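Residue numbers (this note's numbering): 38 to 166.
C-beta: ideal position from N, C-alpha, C; glycine also.
All figures in this text were calculated on a predicted structure; none of them were measured in a lab.
Some notes on the structure that comes next.
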Amino acid sequence: MEDEAWMNVGVAAVLARQYAEHQRDFLDSLARMLERALPEHVRVTRRRSLFAKGQPVQELRLELGDTRYILESPKQGAPVARRVLSKRGIILRTEEFPIQEWIAEVGTALEEHAERNQQAAAALRQFVE
38 MEDEAWMNVG VAAVLARQYA EHQRDFLDSL ARMLERALPE HVRVTRRRSL FAKGQPVQEL
98 RLELGDTRYI LESPKQGAPV ARRVLSKRGI ILRTEEFPIQ EWIAEVGTAL EEHAERNQQA
158 AAALRQFVE
């Protein structure tokens, strides 16, 4: 693919497809990708359990500018998606919304970030391809 052609596929589209295909493993794979691609922008909390295989993701926080995207995975039930808007460290608004909308918004935000950051663009290019 050409340098910018990978963005035509769209990070949001890839994320949405992965979520649809692998809902149970989506959060873990997303966390691994973001930890590699944007380590300075992501914080992952993993659940520790004596009997669990590995350490599943409990919470993922992605900070891009004044927006923090949070995806929590409770022990039971569906993941909870939130967006937190802040200015100068002061939280202005917290919104909870459907995971499909969260995926679309995070995908768009990642694409916009990649346009300004070559390292992020290279990592996201690998993810999409």
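Original post:
What is the DSSP secondary structure of residue 69, reduced to helix, strand or coil?
Top reply: It is helical.
Original post:
Is residue 129 buried or exposed, if buried means 16 or more other CB atoms sit within 10 Å of its CB?
Top reply: The residue in question, residue 129, is exposed, as its Cβ has fewer than 16 Cβ neighbours within 10 Å.
Original post:
What residue range is occupied by the uninterrupted alpha helix (DSSP H) comprising residue 142?
Top reply: That run of the alpha helix (DSSP H) goes 136 to 153.
Subject >> Which listed residue (66, 107, 139 and 138) has its alpha carbon closest to that of residue 91 >> reply: Selected option, being the one with the closest Cα: 66.
**OP:** Measure the CB-CB distance between residue 121 and residue 110 and report whether it falls below 8 Å.
**Re:** Here residue 121 is not near residue 110, since their CB atoms are 8 Å or more apart.
Subject >> Option nearest residue 156 by Cα separation, candidates 62, 52 and 74 >> reply: Here the closest residue by C-alpha is 74.
Original post:
Exposed or buried, residue 127, counting other C-beta atoms within 10 Å across all chains shown (16 or more means buried)?
Top reply: Exposed, by the Cβ-count rule.
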